[in-house]
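Heads up, the final residue of the sequence shown is numbered 327 in the UniProt record's numbering, and it's a clean run with no missing numbers. No residue lacks a Cβ here, since even glycine has one placed at the ideal position from N, Cα and C. See below for the structure under consideration.
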Amino acid sequence: MRTHMDAMSFSLDPSASIAEELKRTAAEQIERARAELSDEAEDRHEAVHLARKRFKKIRGLLRLARPGLGEDYAIENARWRDIARELSVIRDATALLETHDALTSHFGDRIEDGILYSTRQRLDERRAEMTDKVTDLDARIEATMKALDAGEKRLDELSFPDDFETVAEGFAKTYKRLDKGYRKAQTAEDSAVFHDWRKRAKYHWVHLKLLRRIWPEPMKARRDEAKALADILGDEHDLAVYRGTLIEEPKLFGKKKVQELLLALLDRRQSELRSAALDIGAKLCAESPDALAARMTSYWEAAVEEAQKPRAHLATSAAEDERAENS
């Protein structure tokens with residue numbers, strides 16, 4: 001069972017060295033991914049899914065530290081991207097069926113009973129065939145474990161920034177891309193624009209998780225909205241991939257009548273999701289990058305000052321106790 005402290009471990013402690021906190025947090029993600037992938041009692045496919053999430057968190061952390069990493073950033077970002085990509089085929093095997101189920105569940109009673117039964121059967125058979133073709137899962141996991149060792153060793157050699165000014169710059173850079181994605185999405189029809197926006201939302205969410213301790217409750221509110229945005233845009237992307245498969249492999253989905261029904265459902269659901277995403281984006285992107293970064297800096301400075309107060313109090317108390325003993 002995960003404890004509160006487990007959840008808080010993916011966050012920077014304002015009372016500690018920023019550089020050491022960045023390194024500690026990344027190292028913990030590596031260690032947990034290693035534990036998940038090596039646990040034979042764990043469902044292998046679920047373990048892969050969890051590990052890939054950790055690699056994305058590491059990439060988000062690197063983006064936060066990016067201005068201070070110099071040329072090392074591009075190298076390390078590519079490293080963790082490639083490690084995650086090595087395992088992506090496992091996720092691809094199940095995504096289409098899950099998307100189909102989510103789409104049909106959403107519209108529920110508006111779909112004629114039984115009309116999509118054969119379609120789901122074929123999609124399930126396709127998933128099973130794709131999963132069966134992944135015969136090298138153990139080899140992929142073994143290669144990933146070796147890559148984790150190399151990534152962990154390299155982590156110790158990186159020079160992470162030790163000042164919040166640099167971290168705030170990394171935060172602002174990612175938020176600026178989120179804001180730009182929102183502006184583009186307002187007039188976009190191409191799903192690729194929304195997919196790119198989702199990546200920015202995901203990294204902004206990671207940054208908010210890392211900075212959650214600076215003011216927990218207000219940061220949670222913003223973090224929840226960023227997560228909701230990323231999830232909505234993730235669903236939209238899944239539907240875009242589903243649509244692409246429907247167009248490229250129409251026979252997989254059944255008769256023309258069924259294909260037309262699914263396309264109509266896709267049109268409606270993608271429109272709903274895009275509208276919901278833009279509503280969140282309007283609030284999440286209300287501030288300029290400079291203003292939001294300045295606000296985060298003020299929060300950090302206040303959190304650092306607050307963290308020092310108990311220590312100062314304890315130090316004063318200890319000194320007074322010592323004087324009392326010696327008097």
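{"query": "How big is the Cα-Cα spacing for Val89 and Phe253?", "result": "22 Å"}
{"query": "Can you give the Cα-Cα distance for Glu165 and Ala19, rounded to whole angstroms?", "result": "12 Å"}
{"query": "Just checking my contact of Leu61 with Val206 at CB under 8 Å: how many whole Å lie between their CB atoms?", "result": "7 Å"}
{"query": "Let me check understanding here. Comparing Cα to Cα, which of Glu189, Asp231, Glu236, Leu208 lies closest to Arg295?", "result": "Leu208"}
{"query": "Would you mind working out which of Pro289, Lys256, Glu31, Ala293 sits nearest Leu155, comparing C-alpha positions?", "result": "Glu31"}
{"query": "I believe Arg54 touches Ala33 by the beta-carbon criterion, under 8 Å. Please report the beta-carbon distance rounded to the nearest angstrom.", "result": "4 Å"}
{"query": "So, does the stretch 262 to 270 touch the stretch 278 to 290, judging by three or more C-beta pairs under 8 Å?", "result": "no"}
{"query": "To the nearest angstrom, how far is it from the Cα of Arg212 to the Cα of Asp13?", "result": "9 Å"}
{"query": "In its own chain, which residues sit with a C-beta less than 7 Å from the C-beta of Ile111, not counting the 5 before and 5 after it?", "result": "Thr104"}
{"query": "Rounding to the nearest angstrom, what Cα-Cα distance links Asp190 and Ser118 in this structure?", "result": "30 Å"}
{"query": "Spatial neighbours of Asp321 within its chain, please: CB distance less than 6 Å, with the 5 preceding and 5 following residues excluded, ordered by chain position.", "result": "Low confidence applies here, because Asp321 scores a pLDDT of 44, under 50, leaving its location unreliable and the question unanswered by this model."}
{"query": "Could you work out which residue in His237, Arg52, Trp215 is closest to Trp197 when comparing CA atoms only?", "result": "His237"}
{"query": "Exposed or buried, what is Gly181 when buried is set at 16 or more other beta-carbons lying within 10 Å of its beta-carbon?", "result": "buried"}
{"query": "Can you give me the Cβ contacts of Ala139 inside the same chain, cut-off strictly under 8 Å, excluding the 5 residues immediately before and after it?", "result": "none"}
{"query": "Near Tyr203, what residues of its chain come up, given a Cβ to Cβ distance below 6 Å and the 5 sequence neighbours on each side ignored?", "result": "Gly60, Arg63, Thr174"}
{"query": "Quick one: using the 10 Å Cβ neighbour count with 16 as the cut-off for buried, is Ala201 buried or exposed?", "result": "buried"}
{"query": "Out of Glu98, Glu71, His49, Asp72, which has the shortest C-alpha to C-alpha gap to Arg85?", "result": "His49"}
{"query": "Do Glu169 and Ala286 have their beta-carbon atoms positioned less than 9 Å apart in this structure?", "result": "no"}
{"query": "Among Lys146, Ile214, Glu248, which residue has its Cα nearest to the Cα of Glu306?", "result": "Ile214"}
{"query": "Near Thr3, which residues of its chain fall below 7 Å by C-beta distance, leaving aside the five closest residues on each side in sequence?", "result": "Here the model assigns Thr3 a pLDDT of 42, short of 50, so the residue's position is not dependable, and the following value carries that caveat. The answer is none, since no qualifying residue turns up."}
{"query": "Taking the straight line between their C-alpha atoms, what separation do you get for Thr116 and Lys251?", "result": "The question names Thr, yet the displayed sequence has Leu at residue 116. About 13 Å."}
{"query": "Applying the criterion that 16 or more other CB atoms from any shown protein chain within 10 Å of the CB defines a buried residue, is Ala302 buried or exposed?", "result": "exposed"}
{"query": "For Ser275 and Leu96, I'd like the C-alpha separation in whole angstroms.", "result": "23 Å"}
{"query": "Alpha carbon to alpha carbon, how far is Ala147 from Asp43?", "result": "21 Å"}
{"query": "Considering only their Cβ atoms, is the gap separating Val241 from Thr99 smaller than 9 Å?", "result": "yes"}
{"query": "Drop a sphere of 10 angstroms on the beta-carbon of Ile58, count the other beta-carbons inside from all chains shown, and report buried for 16 or more, exposed for fewer.", "result": "buried"}
{"query": "Pull up the distance between the alpha-carbon of Lys257 and that of Ala26, whole angstroms please.", "result": "51 Å"}
{"query": "Please find out if some non-hydrogen atom of the ligand HEM comes closer than 8 Å to the beta-carbon of Asp39.", "result": "The ligand content of the structure shown is nil, which means the ligand HEM is not present either."}
{"query": "Between the Cα of His106 and the Cα atoms of Thr297, Glu272, Thr131, Lys176, which residue gives the shortest distance?", "result": "Glu272"}
{"query": "Between which two residues does the alpha helix (DSSP H) holding Ile75 run?", "result": "72 to 86"}
{"query": "Which same chain residues end up closer than 7 Å to Met219 when comparing Cβ atoms and leaving out the 5 residues on each side of it in sequence?", "result": "Leu208, Leu211, Arg212"}
{"query": "Buried or exposed: Gln121, going by 16 or more other Cβ atoms within 10 Å of its Cβ?", "result": "exposed"}
{"query": "With DSSP collapsed to three states, give me the class of Ile115.", "result": "coil"}
{"query": "Within the continuous alpha helix (DSSP H) that includes Trp197, where are the two ends?", "result": "191 to 210"}
{"query": "Given Glu152, which residues of its chain have a CB within under 6 Å of its CB, disregarding the five upstream and five downstream residues?", "result": "Ile30"}
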